[in-house]
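Here the working numbering runs 4 ahead of the position in the sequence shown, where the first position is 1. Below you'll find the structure, written out as structure tokens, and then a few comments.
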Amino acid sequence: MRAKSLILIFIALGCGLVASIGISQIMEKDVATANVIETVDVYVARTDLDINTRLSAENVKLEQWPKGKTPGGVVSQLEQLEDKYSLHRMYAGEPILVRKLSDQATGPSHTIPPGYRVTTVRVQVDEAGGGLAKPGDRVDIIAFLRKSRDVPVTMTKTILRNVRVFAVNDQTERSLDDKGRSVTVKTLSLLVKRDQVETLTLATELGRLRMSLRRPGDEADDESSSTDSNVTSLVSWLPQLADDVSDPAPQATSSARNPFLGFLDDLERSKDAGKKAAVVDQIPVQQPVVEDPFVHRMVVITNHGTVTYGWKSGAVAPQMLNGNEANAPLVPPRKQVAPFVDREPEGSRDDRDEEQLLAVPALEGE
5 MRAKSLILIF
15 IALGCGLVAS
25 IGISQIMEKD
35 VATANVIETV
45 DVYVARTDLD
55 INTRLSAENV
65 KLEQWPKGKT
75 PGGVVSQLEQ
85 LEDKYSLHRM
95 YAGEPILVRK
105 LSDQATGPSH
115 TIPPGYRVTT
125 VRVQVDEAGG
135 GLAKPGDRVD
145 IIAFLRKSRD
155 VPVTMTKTIL
165 RNVRVFAVND
175 QTERSLDDKG
185 RSVTVKTLSL
195 LVKRDQVETL
205 TLATELGRLR
215 MSLRRPGDEA
225 DDESSSTDSN
235 VTSLVSWLPQ
245 LADDVSDPAP
255 QATSSARNPF
265 LGFLDDLERS
275 KDAGKKAAVV
285 DQIPVQQPVV
295 EDPFVHRMVV
305 ITNHGTVTYG
315 WKSGAVAPQM
325 LNGNEANAPL
335 VPPRKQVAPF
345 VDREPEGSRD
355 DRDEEQLLAV
365 PALEGE
């Protein structure tokens, strides 16, 4: 082989080797670049979280998520979870988003003390201290009970004292309307104990509720009385009130102490008396029942008309009750038998006769 050909072959092999090495290096560089992905810190739920759950390091964990796969508004720092509560239910592994969190101040349920409940009462302006009640104020709850089947007498009773107003028209903070005036009271949310919720519900069904606004300095005077009223005491008070009303002596004392209450009692008694008199007038008068003296009747039909005869108990001959004697048969039957009425006690009959007939002698015609 010529030397020139060998030189060309070596040159071609060298170029191919250089090209292969360059291509392999470029491919390795691309693979290394593709394996490097930028990540960010993302806090996710460690376990399932219910609504209004306070977030802390115990129920969240930190994970590395690809930057391009991370949703917007994700929590990436633990400081963002301080004093935060979940607005929605979260599942384990779900990224925690800022828009799904709430501050403690924006969640009214978190401000409820342990052991208390919030119940809403619908009121009118004149029933809420003239619209002066604001969140945080203290009120007394007075029940106006009208006489009914369950309430023996119309009267009022303070069922709860020193109750704190939790919210006014679903607003837990003191606020004004657009014109700078106090907001008109439509509903009051009261902070009461669990058994007092039942008391309010029962009193609402029996009558109407009114609120009496208290002075702030009077809160400690009868603090214990705010927890004494419950359904048991209210229900047990009604029968006791019924016993007091049925006793004329206490009623007379109450009427003498308060003339207006005495006037109401007299008015109620006059209404009851009128109702009773109306009921008596509607009762129909029953006529006395007159017994028929005749135990048997017989109607005789002739060409001239009808004649009715009757037999009294123990009588042998009949007695004509109505009709004309001229219409009677000219020739009466030869033998006329009157029915027998047994007046003897059961078992005293003669075994020989099953029934006894009284024969009437035949009348001979002229």
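Every residue gets a Cβ at the ideal spot worked out from N, C-alpha and C, and that includes glycine.
{"Check": "Residue interval of the beta strand (DSSP E) (run including Arg172)", "Outcome": "It should be pointed out that residue 172 corresponds to Val in this sequence rather than to Arg. Val172 -> beta strand (DSSP E) spans 159-172."}
{"Check": "Spatial distance of Ile163 from Ser152 (CA atoms)", "Outcome": "19 Å"}
{"Check": "Residue from Lys33, Met31, Ala96 with nearest C-alpha to Asp54", "Outcome": "Ala96"}
{"Check": "Neighbourhood of Asp141 by C-beta distance below 7 Å, restricted to the same chain and skipping five residues each side", "Outcome": "Val169, Leu217"}
{"Check": "Test: Leu210 CB closer than 7 Å to a CB of chain C", "Outcome": "No chain C appears in this structure, which consists of one protein chain only."}
{"Check": "Option in Ala7, Glu98, Ile15, Ile146 with minimal Cα separation from Val125", "Outcome": "Ile146"}
{"Check": "For Val320, the nearest candidate out of Ile25, Pro70, Val299, Ala137 (CA to CA)", "Outcome": "Val299"}
{"Check": "Secondary structure, beta strand (DSSP E): runs of 3+ residues fully inside the segment 8-57", "Outcome": "43-49"}
{"Check": "CB of Pro99 within 7 Å of CB of Val155, strictly", "Outcome": "no"}
{"Check": "Run of the beta strand (DSSP E) containing Val143, from where it starts to where it stops", "Outcome": "142-149"}
{"Check": "Arg150, buried or exposed, once every other Cβ within 10 Å from all chains shown has been counted against 16", "Outcome": "exposed"}
{"Check": "Residues near Lys161 in its chain [Cβ-Cβ closer than 6 Å; skip 5 each side]", "Outcome": "Ala147"}
{"Check": "Between the CA atoms of Gln200 and Ser60 - distance to the nearest angstrom", "Outcome": "34 Å"}
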